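Here's the structure we're looking at; comments come further down.
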Amino acid sequence: MSATAPKTNLTINPARLWDTLMETAKFGGTPKGGIKRLTVSDEDKKVRDWFKAQCEALGCTVEVDEVGNMFATRPGKRKDLLPIAMGSHLDTQPTGGKFDGVLGVLGPLEALRTMVDMGYESNAPIMIVNWTNEEGSRFAPAMLCSGVYAGVFTPEFAYSREDRQGIKLGDELERIGYKGKHKAGAIKFGSMFELHIEQGPILEAENKMIGVVTGVQGMRWYEVTVRGQESHTGATPMGLRKNALLGASRMIEAIHQVGMANLPGVASVGLIENRPNSRNVVPGEVFFTVDLRHPDETVLDKMEKAYQEALPKIAAELNLELEEKRIWKSPAVKFAPELIKCVQQGADQAGYKSREMASGAGHDAAYIARVTPTTMIFVPCLGGISHNEAESTTLEECGAGAQVLLNAVLAHDATLG
Ligand SMILES: [Zn+2]
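The structure is reproduced here in structure tokens:
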């Protein structure tokens with residue numbers, strides 16, 4: 082931090098944040114204590130209206146862009162500076178929890194309420210963003226409208242997305258009154274901080290409160306088909322078999338080892354189809370998917386090479402045919418070093434144990450990082466579970482996240498003064 086940084090002692094109110102989380106959890110609340118708030122549904126409209134009213138009560142101007150992204154801005158002392166944004170998403174999975182995304186909008190609301198209560202004036206304007214359709218559950222793909230903001234998708238592409246009933250996102254935006262007049266990407270900000278639950282078990286396992294997120298892992302998906310020969314299990318001697326499932330099982334082990342050899346990289350086979358899947362037939366064909374991830378693209382290249390070299394060897398040993406192709410690639414994202422520093426400083430200032438980590442999941446911040454300096458803050462979630470009604474983060478953890486967010490934003494603001 083620069084020497085001119087003000088000694089601010091702004092302390093957020095964890096209980097107020099918690100009440101807000103519980104209050105908005107009623108918009109789409111499920112009997113099991115989760116939330117079903119699909120994007121641009123009636124429930125989503127209710128929480129949007131609520132959010133808009135709360136922000137306006139704090140003196141913010143709320144603007145909506147053409148794909149429903151909401152931007153609430155509180156003016157700063159200087160009009161020549163772009164806002165510092167804090168944002169995430171208010172939509173949830175069909176059996177979603179109370180914290181995924183929501184904490185990243187209501188945490189900022191608590192931070193802003195604290196600033197307003199204390200009459201604190203920032204140099205730059207402070208903005209809260211609610212991104213439309215992060216989840217991708219009702220309308221695929223995920224992170225759709227932060228993607229539109231970042232120029233990854235066109236607004237027309239977003240409008241044309243259909244849900245299972247054949248209803249288009251564009252029509253739903255109009256119906257709930259959130260197809261705004263501003264062009265996507267036209268409402269500018271100079272930086273963005275996204276507070277989010279970790280959605281993994283690392284912080285909890287290490288008893289750390291804050292994840293200082295340095296980027297998002299690169300991800301690559303592949304599809305593999307192994308072909309052998311269907312034959313009678315009783316009549317085909319072991320030495321004469323072309324067992325596709327045996328080959329696949331050795332390949333799965335090899336893929337696991339690619340992950341183990343490249344930690345913190347991960348390598349997974351999550352879907353497998355065995356044909357004909359009959360107890361007395363030597364399997365003739367197996368299809369499976371491969372998911373490789375690593376924060377560093379060069380290591381990911383290495384993992385891909387190791388995986389692609391291992392499979393043909395195994396296939397050859399067992400007289401099997403192999404078909405393998407990459408079907409999707411999402412490059413690793415590196416967050417802005419100057420913002421990561423502010424988060425680290427914010428965690429230290431609040432006295433929380435922290436660790437640097439890469440995000441294993443995709444987030445709005447990953448797309449926004451393509452156009453604006455961006456970073457993320459993680460807090461633990463019980464058992465690393467999310468996309469589940471049982472998703473659980475404590476009052477203390479939510480409060481810690483909001484406090485570090487506020488500290489980080491003020492630290493960054495001080496560098497702009
Ligand atoms: Zn999320």
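Okay, so the sequence shown: first residue is 82 according to the numbering used here, each after it adds one. In this text, a Cβ means the ideal position worked out from N, Cα and C, and glycines have one as well. Computed from a prediction, not measured in an experiment: that's the story for all the values here.
Would you tell me roughly how many angstroms separate the C-alpha atoms of Gly-498 and Asn-204, rounded to the nearest one? 6 Å
Should His-444 go down as buried or exposed, given a rule of 16 or more other Cβ atoms within 10 Å for buried? buried
Which whole-angstrom value is the C-beta distance of Asn-214 and Gly-168, which I expect to be below 8 Å? No, Asn-214 and Gly-168 are not in contact; Cβ-Cβ is about 14 Å, not under 8 Å.
Could you tell me the distance, in whole angstroms, from the CA atom of Lys-422 to the CA atom of Val-186? Answer to the nearest angstrom: the Cα atoms are 22 Å apart.
If we count the other Cβ atoms within 10 Å of its Cβ and call it buried at 16 or more, is Lys-160 buried or exposed? exposed
Residues bridged to His-375 [DSSP beta-bridge criterion]: Gly-299
In three-state DSSP terms, what is Ser-169? strand
Check for me: the alpha helix (DSSP H) holding Thr-105 runs from which residue to which? 95 to 105
List in chain order: all unbroken beta strand (DSSP E) runs of 3+ residues lying wholly within the stretch 355 to 401. 366 to 375
Give the secondary structure of Leu-403 by DSSP, where H, G and I count as helix, E and B as strand, and everything else as coil. strand
Tell me whether the beta-carbon of Ile-278 lies closer than 9 Å to the beta-carbon of Phe-459. yes
Please check if any C-beta of chain D sits within less than 9 Å of the C-beta of Pro-454. Among the chains of the structure shown, chain D does not appear; only one protein chain is present.
Glu-470 Cβ short of 8 Å to ligand 1 heavy atom set: Glu-470: no, Cβ never under 8 Å from ligand 1.
In chain order, what residues of the same chain lie with their CB nearer than 6 Å to the CB of Pro-411, ignoring the 5 residues before and after it? Here residue 411 is Ser; the residue named in the question, Pro, does not match the sequence. Excluding positions up to five away in sequence, the list reads Met-300.
Mind checking whether the beta-carbon of Gly-140 lies closer than 8 Å to any heavy atom of ligand 1? no
Spatial distance of Glu-243 from Leu-250 (CA atoms): 6 Å
Is the CB-CB distance between His-263 and Val-145 below 9 Å? Yes.
What does a CB cutoff of less than 6 Å around Leu-119 pick up in its chain, not counting 5 residues either side in sequence? Arg-219, listed in sequence order.
Ile-336 in three-state terms, based on DSSP: In the three-state reduction of the DSSP assignment, Ile-336 falls in the helix class.
Give the DSSP-derived three-state secondary structure of Trp-131 in the structure shown. helix
May I ask whether a heavy atom of ligand 1 can be found less than 8 Å away from the beta carbon of Gly-258? no
Where Glu-237 sits in the DSSP three-state scheme: helix
Assuming Leu-486 and Leu-276 make a contact with CB atoms under 8 Å, what is their CB distance in whole Å? 5 Å
Report the CB separation of Ser-440 from Met-457 in whole angstroms; it is logged as a contact under 8 Å. 6 Å
Under 8 Å from any heavy atom of ligand 1, does the C-beta of Glu-215 make it? yes
Where does Val-350 fall in DSSP's three states? coil
Name the DSSP bridge partner or partners of Gly-292? Paired residue(s): Arg-436 and Phe-459.
Hey, Tyr-303 and Thr-370 are a contact pair by Cβ (cut 8 Å); roughly how many whole angstroms apart? 7 Å
Taking 8 Å as the cut-off, is the C-beta of Gly-441 nearer than that to any heavy atom in ligand 1? no
Is it buried or exposed, Arg-194, if we count other Cβ atoms within 10 angstroms and call 16 or more buried? Answer is buried; the Cβ neighbour count reaches 16.
Could you check which residue in Phe-132, Ala-231, Asp-198 and Ile-283 has the C-alpha nearest to that of Ile-93? Here the closest residue by C-alpha is Asp-198.
Within the same chain, show all residues whose beta-carbon is closer than 8 Å to that of Thr-85, passing over the 5 residues directly before and after it, in chain order. Bear in mind that the predicted position of Thr-85 carries a pLDDT of just 42, short of 50, making it too unreliable to give a figure here.
Identified DSSP bridge partners for Ala-153: Val-143 and Ile-209
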